[in-house]
Each structure stands twice: as C-alpha cells, then as structure tokens.
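Asker:
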Ligand SMILES: [Zn+2]
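In the numbering used here, the protein residues as written are 2 to 172.
(1) State yes or no: is the C-beta of residue 110 nearer than 7 angstroms to some heavy atom of ligand 1?
(2) Measuring only the C-alpha atoms, how far is residue 111 from residue 170?
(3) Could you give the DSSP three-state label for residue 161: helix, strand or coil?
(4) Report the residue from 149, 48 and 34 whose alpha carbon sits nearest the alpha carbon of residue 42.
(5) Does the Cβ of residue 100 have 16 or more other Cβ atoms within 10 Å, making it buried, or fewer, making it exposed?
(6) With burial defined as no fewer than 16 other Cβ atoms inside 10 Å of the residue's Cβ, what is the status of residue 1: buried or exposed?
(7) Identify every residue that forms a DSSP beta bridge with residue 65.
(8) Shortest alpha-carbon distance to residue 137 belongs to which of 87, 79 and 5?
(9) Output the boundary residues of the beta strand (DSSP E) element that contains residue 1.
(10) Check this for me: beta carbons of residue 58 and residue 67, under 8 angstroms apart or not?
(11) Do you know whose CA, among 62, 60, 124 and 25, lies nearest residue 44's CA?
(12) Measuring straight from C-alpha to C-alpha, what distance separates residue 69 and residue 60?
(13) Nearest by alpha-carbon distance to residue 144: which of 104, 113, 118 and 114 is it?
Encoded structure:
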C-alpha cells in the first residue's frame, strides 16, 4: 500500500531525494496495484545504486526487482528469483529443453518474450506484470521438467522392450 512508503519516512525521503517526486508517485501507484494481488511486498533502498528494490514473496518464491534509475521508462536493472538471476529460468543451454519449450508452448525462447528484454517493456506496464510473468515462467519450467522426465521414462520403457525383443530373438 501507499503505507509501505508513507510509514517509512526515511525510505520515502530517500526515494524523493534521489529519484524525484514523479518517480515516487509512480512507484506508490505500482505498489498499491501490486499489493492487491501479492500481499507480501517489501521495499528497500540500494544506497549504492540509489534506486529502490522491491521484493515480493509469492508461492514460496522470493522475487527481487532492483528498479531502474529511469523507471518507469525502463523498468529494472535486475530481477532475482530466489537469490539467483531470473534469466536462469529463461535461457536454456540444453537443446532438449529448447525443443520441449517449442513443442509444449510454441515458444522459441522465453527470454525474448520476457520483460528482462528492455524492448518488451512499455511504460503502461506495472510491477505486477513482472511478478505475474516470473510466476508464469516458473510454472512453464515445472511443466518442462515433467515433460522431459516423462519422455525419458517412456524412452527407457521403449528401450527395455527393444532389449527384451532382442533377447527373445537371440534365444
Ligand atoms: Zn531470447
């Protein structure tokens, strides 16, 4: 709520001083909107970067968004998911995982669709949209894990059958 900033005068003053009134007002609007959906929201200030950090806990995941100096024109300078870069669940080195994403979702690359890509951000979007996206992509990754595991299990079964058939032919 507005109270996240209003109850913490030091934070309120730092954001006003280093980021300005327009920035602060937009941030408050975004926080109000965020908290209607995600109840655990915390705001801190990075004294080195001189930008606010918004942390949301949702579905047992900790999503930490370090806002951009040019927020809301640019949104964030980093997004962390459970202490690691969010990009880790978007960029795959495994060809099998890439293929599974295409098969299941018809998507070539999650990072190209993501708000981590600056060109996908629009000023009308809100912090809630980022959190929504992170949770959506966590779900996609779980689906991919299951899909790949099932595929391997099936392949194992097929191989077992092939082996069994071979043995039958030999004997
Ligand atoms: Zn990409």
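The beta carbon of each residue, even a glycine, is placed where N, CA and C say it ideally should be.
Answerer: Result, derived from the coordinates:
(1) yes
(2) 47 angstroms
(3) helix
(4) 34
(5) exposed
(6) There is simply no residue 1 to check, as the chain begins at 2 and stops at 172 in what is shown.
(7) 56 and 81
(8) 87
(9) Look at the range of the chain in this structure, 2 to 172, and you will see that residue 1 is not part of it.
(10) no
(11) 25
(12) 25 angstroms
(13) 104
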